[in-house]
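**Student:** Before we start, here is the structure in question, set down as structure tokens.
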Amino acid sequence: GAGVSQSPSNKVTEKGKDVELRCDPISGHTALYWYRQSLGQGLEFLIYFQGNSAPDKSGLPSDRFSAERTGGSVSTLTIQRTQQEDSAVYLCASSLEGQGWATQYFGPGTRLLVL
Amino acid sequence: AQKVTQAQTEISVVEKEDVTLDCVYETRDTTYYLFWYKQPPSGELVFLIRRNSFDEQNEISGRYSWNFQKSTSSFNFTITASQVVDSAVYFCALKTNAGKSTFGDGTTLTVKP
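Order-wise, the sequence lines are chains P and X.
Here the numbering used here is used: the first residue of the first sequence is 1, the next is one more, and so on.
Here the numbering used here is used: the first residue of the second sequence is 116, the next is one more, and so on.
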């Protein structure tokens, strides 16, 4: 079966431009998560979706970051007016449910470079 | 607040040596779940194991074993007879019922031939 997929794999953009990152979760997984991993660092939580709603947006670093999920499936993370400090790998994960026992399975990530 | 500490930033061993990766966690929740993930050079995180807070039974899977001790809030990971293919960054993570996981900063393991 297909795992979590993310697109694009790599994105190079200029400072000030907007970018959209896409995540396709594992079919049937109701929970979806976005994390950010800066070079050589651990994973920083951004946002969590249960179905189409986001009960936890606490990790979004600024109002330039937003995310949505439609149809309980695909999610898009949008970064407006990108800054150089936004450069990182953006990881998406999905799990069968949002409860603690449900293992998160990760996609390959989108490597974002802001010049 | 939850916290996961992986005190070992980098470990280097020679092939066939045993190596233990430490993980210490903090949480006020009585029900929680602990995970280990492997991130090879290709970058994709691979799930290795999940352990429930109410199950302290240790687990062995091939060359991998995990030692969960609630008394010391630790969930350590041992690789026996390490191989070059074990070289990766290993992450320990803590999850309660709130949804998100808290990850440690990772331990970079290098296994030299």
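For glycine and all other residues, C-beta sits at the position ideal for the given N, C-alpha and C.
Keep in mind the model is a prediction, meaning the values are calculated, not measured.
Closest Cβ-Cβ distance between Phe162(X) and chain P: below 7 Å?
**Tutor:** Taking the first residue of the second sequence as 1, we reach residue 162(X) at position 47. Chain P, which has a Cβ nearer than 7 Å to the Cβ of Phe162(X), makes this yes.
**Student:** Would you give the residue range spanned by the beta strand (DSSP E) that Gly23(P) belongs to?
**Tutor:** On the first sequence, position 23 is the one that residue 23(P) refers to. Note that residue 23(P) is Cys in the sequence shown here, rather than Gly. Where Cys23(P) is concerned, the enclosing beta strand (DSSP E) stretches over 19-24.
**Student:** Rounded to the nearest angstrom, how far is the Cβ of Tyr205(X) from that of Lys131(X), given a contact under 8 Å?
**Tutor:** Locating residue 205(X) in the second sequence gives position 90, counting from the first residue. Locating residue 131(X) in the second sequence gives position 16, counting from the first residue. Contact doesn't hold; Cβ gap of about 19 Å is too wide.
**Student:** Enumerate in chain order the residues of its own chain whose CB-to-CB distance from Arg69(P) is below 7 Å, with the five nearest sequence positions on each side excluded.
**Tutor:** Locating residue 69(P) in the first sequence gives position 69, counting from the first residue. Counting only Cβ-Cβ distances below 7 Å, and skipping sequence neighbours, we find Leu32, Phe49, Asn52, Ser75.
**Student:** Give me the chain P residues within the contact set of Tyr147(X), using Cβ-Cβ distance strictly less than 8 Å, ordered along the chain.
**Tutor:** As a working mapping, residue 147(X) is identified with position 32 in the second sequence. Within 8 Å Cβ-Cβ: Gly100.
**Student:** Quick one: what's Val161(X) bridged to in DSSP?
**Tutor:** Here residue 161(X) refers to the residue found at position 46 of the second sequence. Lys153(X).
**Student:** Would you please verify whether the beta carbon of Tyr90(P) is less than 7 Å from any beta carbon of chain X?
**Tutor:** Working through the first sequence from its first residue, we reach residue 90(P) at position 90. Taking Cβ atoms only, chain X never reaches closer than 7 Å to Tyr90(P), which makes this a no.
**Student:** Check whether the Cβ of Glu76(X) lies closer than 7 Å to any Cβ atom in chain P.
**Tutor:** Within the shown structure, residues of chain X are numbered from 116 to 228, placing residue 76(X) beyond reach of any answer.
**Student:** Compute the Euclidean distance between the alpha carbons of Tyr148(X) and Asp56(P), then round it to the nearest angstrom.
**Tutor:** Counting from 1 along the second sequence, the entry for residue 148(X) is found at position 33. Counting from 1 along the first sequence, the entry for residue 56(P) is found at position 56. Approximately 19 Å, taken between the alpha carbons.
**Student:** How many Å lie between Asn191(X) and Glu14(P) at the Cα?
**Tutor:** Looking up residue 191(X) in the second sequence gives position 76. Looking up residue 14(P) in the first sequence gives position 14. C-alpha separation (whole angstroms): 42 Å.
**Student:** Output the boundary residues of the beta strand (DSSP E) element that contains Lys210(X).
**Tutor:** Indexing the second sequence from 1 puts residue 210(X) at position 95. Counting along the chain, the beta strand (DSSP E) containing Lys210(X) begins and ends at 203-210.
**Student:** Within the same chain, show all residues whose beta-carbon is closer than 7 Å to that of Glu97(P), passing over the 5 residues directly before and after it, in chain order.
**Tutor:** Translated into positions along the first sequence, residue 97(P) becomes position 97. Answer for Glu97(P): Thr30, Ala31, listed in chain order.
**Student:** With a cut-off of 8 Å on the beta carbons, I'd call Phe150(X) and Ala208(X) a contact; round off their distance for me.
**Tutor:** Here residue 150(X) refers to the residue found at position 35 when the second sequence is read from its first residue. Here residue 208(X) refers to the residue found at position 93 when the second sequence is read from its first residue. Confirmed, Cβ separation roughly 4 Å.
**Student:** Should Lys210(X) go down as buried or exposed, given a rule of 16 or more other Cβ atoms within 10 Å for buried?
**Tutor:** Taking the second sequence and counting its residues from 1, one reaches residue 210(X) at position 95. Answer is buried; the Cβ neighbour count reaches 16.
**Student:** Taking C-beta to C-beta, are Gln117(X) and Thr142(X) nearer than 7 Å?
**Tutor:** By 1-based counting over the second sequence, the position of residue 117(X) is 2. By 1-based counting over the second sequence, the position of residue 142(X) is 27. It is a contact, given that the beta carbons lie within the stated cut-off.
**Student:** Kindly indicate which residue of Gly40(P), Gln80(P), Asp24(P), Tyr35(P) has the alpha-carbon position closest to the one of Ser58(P).
**Tutor:** Stepping through the first sequence from its first residue, residue 58(P) is reached at position 58. Checked all of Gly40(P), Gln80(P), Asp24(P), Tyr35(P); the closest Cα to Ser58(P) is Tyr35(P).
**Student:** Using the DSSP secondary-structure output, state which residues sit across from Arg81(P) in a beta bridge.
**Tutor:** Against the first sequence, residue 81(P) aligns to sequence position 81. Beta-bridge pairing links Arg81(P) to no other residue.
**Student:** Any Cβ of chain X within less than 7 Å of the Cβ of Pro108(P)?
**Tutor:** For this step, residue 108(P) is matched to residue 108 along the first sequence. Closer than 7 Å to some Cβ of chain X, the Cβ of Pro108(P) qualifies, so yes.
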